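To start, the structure under review is shown below, and the notes come after it.
Protein chains: 2
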Amino acid sequence: MSTTGSTLTRKQQVPVGAQQLHIAMVAPPYFDVPPAAYGGIETVVADLVDALVARGHRVTLIGAGRHSTRAQRFLSTYDIGPADRLGEPMPEMVHAAKVASFLDTLDADVIHDHTMVGPLMARGRLTPTVVTAHGPVHGDPGEFYRALGDTVKLVAISNAQRSSAPDLAWLATVHNAIRAETFPYRAEKDNYAFFLGRFHPEKAPHLAIDAARAAGMPIVLAGKCSEPIERAYYAREIEPRIGPDVTIAGVAGAVTKRLLLASAACMIFPIQWEEPFGLVVIEAMACGTPVVALRRGAAPELIVHGQTGIVVDEPTELADAIAPALRLDPAMCRKHVETAFTVEVMAEGYEAAYRRALAGATDPWLTVQNGVRGSVQTTAPLLGWPAGTRNLSPSN
Amino acid sequence: MSTTGSTLTRKQQVPVGAQQLHIAMVAPPYFDVPPAAYGGIETVVADLVDALVARGHRVTLIGAGRHSTRAQRFLSTYDIGPADRLGEPMPEMVHAAKVASFLDTLDADVIHDHTMVGPLMARGRLTPTVVTAHGPVHGDPGEFYRALGDTVKLVAISNAQRSSAPDLAWLATVHNAIRAETFPYRAEKDNYAFFLGRFHPEKAPHLAIDAARAAGMPIVLAGKCSEPIERAYYAREIEPRIGPDVTIAGVAGAVTKRLLLASAACMIFPIQWEEPFGLVVIEAMACGTPVVALRRGAAPELIVHGQTGIVVDEPTELADAIAPALRLDPAMCRKHVETAFTVEVMAEGYEAAYRRALAGATDPWLTVQNGVRGSVQTTAPLLGWPAGTRNLSPSN
Numbered sequence: 008m009s010t011t012g013s014t015l016t017r018k019q020q021v022p023v024g025a026q027q028l029h030i031a032m033v034a035p036p037y038f039d040v041p042p043a044a045y046g047g048i049e050t051v052v053a054d055l056v057d058a059l060v061a062r063g064h065r066v067t068l069i070g071a072g073r074h075s076t077r078a079q080r081f082l083s084t085y086d087i088g089p090a091d092r093l094g095e096p097m098p099e100m101v102h103a104a105k106v107a108s109f110l111d112t113l114d115a116d117v118i119h120d121h122t123m124v125g126p127l128m129a130r131g132r133l134t135p136t137v138v139t140a141h142g143p144v145h146g147d148p149g150e151f152y153r154a155l156g157d158t159v160k161l162v163a164i165s166n167a168q169r170s171s172a173p174d175l176a177w178l179a180t181v182h183n184a185i186r187a188e189t190f191p192y193r194a195e196k197d198n199y200a201f202f203l204g205r206f207h208p209e210k211a212p213h214l215a216i217d218a219a220r221a222a223g224m225p226i227v228l229a230g231k232c233s234e235p236i237e238r239a240y241y242a243r244e245i246e247p248r249i250g251p252d253v254t255i256a257g258v259a260g261a262v263t264k265r266l267l268l269a270s271a272a273c274m275i276f277p278i279q280w281e282e283p284f285g286l287v288v289i290e291a292m293a294c295g296t297p298v299v300a301l302r303r304g305a306a307p308e309l310i311v312h313g314q315t316g317i318v319v320d321e322p323t324e325l326a327d328a329i330a331p332a333l334r335l336d337p338a339m340c341r342k343h344v345e346t347a348f349t350v351e352v353m354a355e356g357y358e359a360a361y362r363r364a365l366a367g368a369t370d371p372w373l374t375v376q377n378g379v380r381g382s383v384q385t386t387a388p389l390l391g392w393p394a395g396t397r398n399l400s401p402s403n
Numbered sequence: 008m009s010t011t012g013s014t015l016t017r018k019q020q021v022p023v024g025a026q027q028l029h030i031a032m033v034a035p036p037y038f039d040v041p042p043a044a045y046g047g048i049e050t051v052v053a054d055l056v057d058a059l060v061a062r063g064h065r066v067t068l069i070g071a072g073r074h075s076t077r078a079q080r081f082l083s084t085y086d087i088g089p090a091d092r093l094g095e096p097m098p099e100m101v102h103a104a105k106v107a108s109f110l111d112t113l114d115a116d117v118i119h120d121h122t123m124v125g126p127l128m129a130r131g132r133l134t135p136t137v138v139t140a141h142g143p144v145h146g147d148p149g150e151f152y153r154a155l156g157d158t159v160k161l162v163a164i165s166n167a168q169r170s171s172a173p174d175l176a177w178l179a180t181v182h183n184a185i186r187a188e189t190f191p192y193r194a195e196k197d198n199y200a201f202f203l204g205r206f207h208p209e210k211a212p213h214l215a216i217d218a219a220r221a222a223g224m225p226i227v228l229a230g231k232c233s234e235p236i237e238r239a240y241y242a243r244e245i246e247p248r249i250g251p252d253v254t255i256a257g258v259a260g261a262v263t264k265r266l267l268l269a270s271a272a273c274m275i276f277p278i279q280w281e282e283p284f285g286l287v288v289i290e291a292m293a294c295g296t297p298v299v300a301l302r303r304g305a306a307p308e309l310i311v312h313g314q315t316g317i318v319v320d321e322p323t324e325l326a327d328a329i330a331p332a333l334r335l336d337p338a339m340c341r342k343h344v345e346t347a348f349t350v351e352v353m354a355e356g357y358e359a360a361y362r363r364a365l366a367g368a369t370d371p372w373l374t375v376q377n378g379v380r381g382s383v384q385t386t387a388p389l390l391g392w393p394a395g396t397r398n399l400s401p402s403n
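So the sequence lines, in the order shown, correspond to chains A and B.
The opening residue of the first sequence carries number 8 in this note's numbering; numbering runs sequentially from there.
The opening residue of the second sequence carries number 8 in this note's numbering; numbering runs sequentially from there.
See the structure below:
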C-alpha cells in the first residue's frame with residue numbers, strides 16, 4: 008500500500024510517451040498461457056506479454072493454470088484451467104471475481120482484459136481497462152459491448168470487425184499476430200489446394216471442394232468436425248462431394264497442420280460470415296502459401312490482393328482465382344506476415360492503445376478527491392494518498 | 008443529481024428502524040415480473056416488491072419485458088425478456104451492464120439483486136448490494152459467491168442452504184413465500200398420493216411410486232420431462248414401474264396443478280439432493296395436503312414433522328410414513344403456510360436484512376472523502392456532496 012508514492016515520483020519524471028508501463032494482462036481461465044494445444048486467445052496473450060516485456064514494460068499476467076511467458080509476475084485463479092468447460096459461463100464469472108480482487112493488490116497503470124465477463128468489472132474502476140474484442144461484435148456480443156458503454160476501451164482485431172459496429176467505444180485496431188519463425192516456409196509446392204477450418208456452414212469447405220475440382224486441382228481438408236451442426240453439415244455437404252481428388256485429413260495437429268500448410272499450392276478460404284480475423288490466413292502466408300478467399304470479414308485486410316492471394320466476391324469466382332494464385336511469389340507471402348503481422352507490431356499497437364487510454368483519463372488528483380472518474384471540479388486540497396487508492400497512478 | 012440533499016435531510020430526521028427505504032430490486036432478465044407461466048424467481052420478486060411497497064417503501068424494479076407489480080418505477084433492459092435463452096450467459100451479462108448504468112441514475116439506499124451475473128457489479132459500489140442465493144451454494148456457485156467476498160451481502164433461502172456453505176458472507180436467512188390465498192384449500196382428500204417435480208434423478212419420482220405402491224395407494228405424478236437426462240431417467244426408472252396404480256399427468260398447468268395438489272391425500276417429496284428450498288412443499292401444505300419427505304435440503308425446515316408432514320431418513324421408510332401422514336390435519340398444514348411462509352413474513356425478513364446491510368456500512372462522510380468503502384481513517388473536513396456520489400445516503 009505504501010509503494011504508490013515512489014511509483015508516482017518515478018513516473019512524473021519521465022515523459023509520458025517513454026515511460027515504462029505496468030500492465031495487468033487478464034487472460035481467459037480455460038488454458039495455460041501459452042496453451043499446450045487449443046487456445047487461440049491464450050497464444051496471442053502469451054506472445055503479447057513477451058513482446059511487451061521485451062519493450063521494457065512490466066507485465067502482471069492473470070490467468071489460470073501455469074504460464075511460461077516473460078511476465079514478471081503471474082497470478083492464477085485456478086490451479087488447473089477448466090478446459091473441459093470452455094464456453095460455460097461459471098468459470099469466467101469466478102475468474103472475473105478473483106481477478107478483480109487480485110487487481111486491488113496491484114498498482115497497474117492499465118488493465119488489458121481478454122475475457123468476456125471481466126469487462127463488466129471495469130465500471131467505476133480508476134485504472135483504465137482496455138478490452139480486446141476477440142470475437143464477433145454484432146448480435147449478442149455487440150449488445151454487450153454497447154451496454155458496457157465507456158467503462159471500457161475496446162480494441163478491434165481488424166478494421167472489418169470495427170466497421171461492423173462503428174458506434175462502439177473503439178480505442179484502436181490491433182491485428183492479431185503470429186511468430187512467423189514457428190511456421191515452416193516452403194517455396195516448392197505440392198499439387199493440392201488446402202482448406203483448414205471447422206466443417207461448418209460458416210467456414211464452407213464444400214465451396215473449397217467445388218472450386219478446386221472446377222480448377223482441376225486435388226484438395227486436402229483438415230479441421231474439427233465434432234459438434235452436431237458440424238456433423239450434419241459434413242453429412243449433407245461434404246460426403247456427397249468426396250471423390251479421388253478429395254482428401255480428408257481430420258483434425259490436424261500442430262505439426263501436420265504446418266506441413267500441410269507449407270506444402271499446399273494455395274489455401275482456399277471460402278468464408279461465409281464476417282469473421283473478425285482469420286488466423287489461418289496469416290499462418291498460410293507465413294508458410295509461403297497464397298490464399299484464395301472470399302471478400303468477407305477481415306479477409307481483404309489480411310491478404311494483399313494480387314500479391315499474397317486473390318480475393319473474389321462470389322463463390323463461383325473461386326475456381327478461376329486458383330490459377331493466378333499459383334503464380335504468386337511464396338516469398339512475398341512470407342514477407343507480408345513478417346512485416347505486418349509480427350508480435351512486435353502487435354505489441355507496438357497495444358502500447359499505443361494503452362497510452363491513448365491513459366491520456367483519456369482525467370486528472371488523478373480529482374479522482375482521488377471524489378472516487379468517481381472525472382466527475383467533479385474541485386479546488387479542495389490534496390489529502391495525500393490514502394490506502395485503498397493504490398491502483399492509482401498519475402498517468403491515469 | 009440534486010435530490011440527494013433533500014433525501015438526506017429527511018432520513019436524518021427519522022430513526023433508522025422506521026425510515027422508508029428506496030430499494031432497487033433487480034430481477035433476472037428472462038421473464039415478465041410476475042411471469043406469465045414459468046419463472047419461480049420472478050414470482051418471488053413480484054410478491055416481495057408488492058409487500059415492500061405495502062410496508063411503505065419505495066421500490067424501483069429493474070427487469071425485462073413488462074411488470075404488473077406495485078413498484079413505483081420500472082426500468083426494463085429488454086423489451087421482451089429472452090425467455091427462450093434461459094440459462095445462456097449473454098442475456099444476463101447484457102442485463103448486468105444495463106442494470107449498472109440504470110443504478111447510476113437512482114438514489115437507492117440498497118440494491119437487492121436476484122441474478123447470477125449482477126452481483127459481480129457490486130464491487131466498489133457505495134450502495135450495499137444484497138443478493139439472494141436462489142440456487143445451490145456448493146460447487147460452482149459456491150466458488151463464485153466465495154470469490155465475491157464481502158462485496159455483496161448474501162441472503163439464504165433456507166438455513167439448510169446456509170449451513171452447506173457457512174463461510175460465505177451471509178447476512179440473513181429469508182424463506183421463500185407464497186400467497187396461500189391463491190391456492191385452493193381442501194379438507195376432503197381423494198385417495199391418491201401426489202408427486203410434483205421434474206422427472207429427474209435428483210427429484211426421484213421413482214421412489215414416490217415405490218412408496219405409494221408399498222402403502223397400497225394410487226399415485227399421480229406431474230412434472231417436466233423434456234431434457235435428455237430427464238427422458239433417459241423416465242425410460243429407465245419410470246416406464247418399468249407404470250401400472251394401473253400410476254397416473255402420469257404430464258406437465259400440469261397452474262390450474263391442474265392446484266387441483267391435483269388440493270385433492271391429493273398426501274404429497275411425496277423423495278428429494279435426492281440438498282435442494283435449498285422446495286416451493287412445492289409449501290404449495291402442497293397451503294392446499295391442506297401433508298407432505299411425506301426425505302430429510303434432505305430444506306425439507307425438514309419447511310415441514311413441521313408430525314403436524315404438517317412426516318420426514319424420514321431413508322427411502323425405505325417413505326411407505327410406512329404415508330399412513331401417519333394421512334391422519335394429519337389439513338387445516339394445520341394450511342395454517343403453517345399462512346403463518347410461516349407469507350409474503351409479509353418474507354418482506355419483513357428482507358427489510359430487516361436491508362437495514363442490517365445499511366448499518367454494516369461505514370460512516371458515509373469517510374466514504375465521500377475516499378471513494379472506497381471503509382478504507383481509511385481521516386479527520387479531513389467534509390467537502391459537501393459532489394456530483395457522482397448520488398447513490399450515497401447517510402445510512403450506508
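Every residue gets a Cβ at the ideal spot worked out from N, C-alpha and C, and that includes glycine.
Since the model is a prediction, treat every value here as computed from it, not as a measurement.
Residue contact check for F190/A against chain B: no CB pair falls below 9 Å.
Note that the segment 226-246 of chain B touches the segment 199-214 of chain B; at least 3 beta-carbon pairs, one per stretch, sit closer than 8 Å. By the C-beta density criterion, N183/B is buried, having at least 16 other C-beta atoms within 10 angstroms.
Taking each of A338/A, A221/A, P35/A, V106/A in turn and checking the Cα distance to M292/A, the smallest one comes out for A338/A. Secondary structure note for L214/A: its alpha helix (DSSP H) is the uninterrupted segment 212-221.
Measuring C-alpha to C-alpha distances from T50/B to each of T134/B, H74/B, R265/B identifies H74/B as the nearest. The C-beta of K105/A comes closer than 9 Å to at least one C-beta of chain B. When only Cα atoms are considered, V56/A and G70/A end up about 12 Å apart. Using a CB distance below 7 Å, the part of the segment 134-160 of chain B facing chain A consists of D147, E150, F151, A154, L155, G156, ordered along the chain. Counting the other CB atoms within 10 Å of its CB gives T158/B a total of 16 or more, which places it among the buried residues. Counting only the Cα atoms, W280/A lies some 20 Å from D174/A. Taking each of M224/B, Y240/B, A272/B, I278/B in turn and checking the Cα distance to D252/B, the smallest one comes out for M224/B. With contacts defined as CB atoms closer than 9 Å, V52/B and R77/B fail to qualify as a contacting pair. For S108/B, the chain A residues whose C-beta falls within less than 7 Å of its own C-beta are G156, listed in chain order. Sequence-distant partners of V33/B (beyond 5 residues in either direction) whose C-beta falls short of 8 Å from its own C-beta, in its chain, are I69, G70, V106, I118, H119, D120, H121, T122, G125. Comparing alpha-carbon positions, the option among D54/A, A115/A, Y45/A lying closest to R132/A turns out to be A115/A. Neighbourhood of P96/B in chain A, by CB distance below 7 Å: P96, in chain order. Between A172/B and V144/B, the beta carbon gap of about 4 Å places them in contact (Cβ cut-off 8 Å). For the options G94/B, A364/B, V262/B, the alpha carbon positioned closest to that of T189/B is the one of V262/B. Within the segment 110-130 of chain B, contact with chain A at the beta-carbon level (separation under 8 Å) is assigned to M123, V124, L127, M128, R130. Close to R238/B, with beta-carbon spacing below 8 Å, lies no residue of chain A; the smallest spacing is near 17 Å.
For G47/A, there is no enclosing beta strand (DSSP E); the enclosing alpha helix (DSSP H) has its first and last residue at 47-61. Between the C-alpha atoms of P96/A and F348/A there is a straight-line separation of about 31 Å. Neighbours of V101/B in chain A, taken as residues at a C-beta separation under 8 Å, are given in chain order as D147, E150, F151, A154. Around the beta carbon of D54/B, 16 or more other beta carbons lie within 10 angstroms, which makes this residue buried.
In the DSSP assignment, G70/B falls within the beta strand (DSSP E) that extends over 65-70.
Judged by DSSP secondary structure, D147/B falls within the alpha helix (DSSP H) whose first and last residues are 146-155.
The C-alpha of A222/A lies about 12 Å from the C-alpha of N198/A. The beta carbon of R80/B is closer than 6 Å to those of T67 in its chain, skipping five residues each way along the sequence. For the 9 Å CB-CB criterion, L28/A and L365/A form a contact. One finds G131 in chain A with Cβ atoms closer than 8 Å to the Cβ of R132/B, taken in chain order. One Cα belongs to A154/A, the other to Y361/A, and the distance between them is close to 22 Å.
Inclusion of A194/B and G295/B in the CB contact set at 9 Å is warranted, their separation being smaller than that value. Residue pairing of F201/B in beta bridges, as defined by DSSP: V227/B, M274/B.
For the pair F276/A and V299/A, the CB atoms are nearer than the 9 Å cut-off. By the C-beta density criterion, D39/A is buried, having at least 16 other C-beta atoms within 10 angstroms.
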